[in-house]
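Numbering (my numbering), first residue to last: 35 to 122.
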Amino acid sequence: MNNQLKPIPKFTTEAEERAFWNKEDSTAYVDWKKAQKVVLPNLKPTTKTISLRLPQHLLDSIKAAANSRDVPYQSLIKVWLQEKLHNH
């Protein structure tokens, strides 16, 4: 294997960098044998607002369940959805 790595170009925009890495093989630019794991504890996943229509009685039941757990009902819905995905 060639030990000479190519220099990573300077990018003026994130879109330009994204386009570059979409077409280039990173092994020509980065020695992945020297890579180290990084923990980024302050990152929050991006969220997207959606509109969800529920029957009023169902929403009332969800709000009551959330209230009994002392959590916001939207947070409870997210927890339930995540649990369902992991159990499926």
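Backbone N, C-alpha and C define an ideal beta-carbon position, used for all residues, glycine too. For clarity, every value in this text was computed on a predicted model and none was experimentally measured.
For R87, which three-state DSSP category applies? The residue labelled residue 87 in the question sits at position 53 within the sequence shown. Residue state, collapsed to three classes: coil.
Expressed to the nearest angstrom, what Euclidean distance is found between the alpha-carbon atoms of R103 and L93? If you number the sequence shown from 1, residue 103 lands on position 69. If you number the sequence shown from 1, residue 93 lands on position 59. In this structure, the straight-line span from the alpha carbon of R103 to that of L93 is close to 15 angstroms.
Using beta carbons (cut-off 8 angstroms, strictly below), is E117 in contact with chain B? Absence of chain B from the displayed structure is noted, only one protein chain being present.
Coil, strand or helix - H122 by DSSP: Your numbering for residue 122 matches position 88 in the sequence shown. When DSSP states are grouped into helix, strand and coil, H122 belongs to the coil group.
Have a look at A99 and Y107 and give me their C-alpha separation to the nearest angstrom. Translated into positions along the sequence shown, residue 99 becomes position 65. Translated into positions along the sequence shown, residue 107 becomes position 73. Going from the Cα of A99 to the Cα of Y107 covers about 8 angstroms.
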